[in-house]
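>
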Amino acid sequence: DAGITQSPRYKITETGRQVTLMCHQTWSHSYMFWYRQDLGHGLRLIYYSAAADITDKGEVPDGYVVSRSKTENFPLTLESATRSQTSVYFCASSEGSYTDTQYFGPGTRLTVL
Amino acid sequence: AQSVTQLGSHVSVSEGALVLLRCNYSSSVPPYLFWYVQYPNQGLQLLLKYTSAATLVKGINGFEAEFKKSETSFHLTKPSAHMSDAAEYFCAVRDGNNRLAFGKGNQVVVIP
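For the protein sequence lines, the chains are A and B, in the order given. Every position in the first sequence, counted from 1, becomes a number in our numbering once 740 is added. Every position in the second sequence, counted from 1, becomes a number in our numbering once 93 is added.
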């Protein structure tokens, strides 16, 4: 089916481990985004990408790495997970203009023990 | 920098009563404003958006919002709340780099 998907939907890991969250969209949208959602903070932008091989930092990038070798994929890696990275992570995409809607994936709930 | 203020993290409304969620923004460029809704255990979906056309914007599920430049506001309303409106609502403003700055959200509880 067309749309934006995230995997895994739930993940439990331990402090210090590397974790990669996957995001895939089938619309060939130019822009892709990673957000984290925490109680009392709303959604905060981690990284975004304007096109393949173009990425940029958002509001809270520390401890995260992204890549975008293909337009449709935008993985987010936690290089050494910390408890403060326990959160719900959302991927989103948009066609690209300032007025375009962002379409969100279903989210990944990550718990770091 | 662009930012959004949503007051009152939890909003309770009786079924059939007016839903009013307030959003004030600051923006150094002409604003593009959005309201998103998040149902439990789901991602966000667009309710409506303002993109410099009509100041009264109608969205899905009977919601509408009015852009008021003089008040830097984009409040969301619905005349009559339904049980299905129970969700979290986020106001957002787009900055000049095509990024969204979100408010902290309003959790709406509908009382039967």
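Every residue, glycine too, gets a C-beta built ideally from N, C-alpha and C.
Round the Cβ separation of residue 852/A and residue 822/A to the nearest angstrom and send it over; I've been treating them as touching at under 8 Å.
Indeed, because the Cβ distance is near 6 Å, the residues count as touching under 8 Å.
> Nearest to residue 754/A by CA position, among 775/A, 841/A and 825/A, is which residue?
825/A
> Report whether the distance from the Cβ of residue 844/A to the nearest heavy atom of the ligand GDP is below 7 Å.
With respect to the ligand GDP, the structure offers nothing, as it holds no ligand at all.
> So, under 8 Å CB-CB, residue 758/A and residue 848/A are touching, yes? Tell me the CB distance rounded to an integer number of Å.
That belief does not hold up - the Cβ atoms of residue 758/A and residue 848/A are roughly 15 Å apart, past 8 Å.
> Figure out for me which residue from 191/B, 182/B, 167/B and 203/B has the closest Cα to the Cα of residue 118/B.
167/B
> Just verifying my parser: in three-state terms, what is the DSSP assignment at residue 162/B?
Residue 162/B falls in the helix class under three-state DSSP.
> Which residue comes first and which comes last in the beta strand (DSSP E) that contains residue 151/B?
149-151
> Taking the alpha carbon of residue 121/B as the reference point, which residue from 161/B, 199/B and 188/B has its own alpha carbon closest?
188/B
> Between the beta-carbon of residue 180/B and the beta-carbon of residue 106/B, is there less than 8 Å?
no
> Please confirm whether residue 812/A and residue 842/A have their CB atoms less than 8 Å apart.
no
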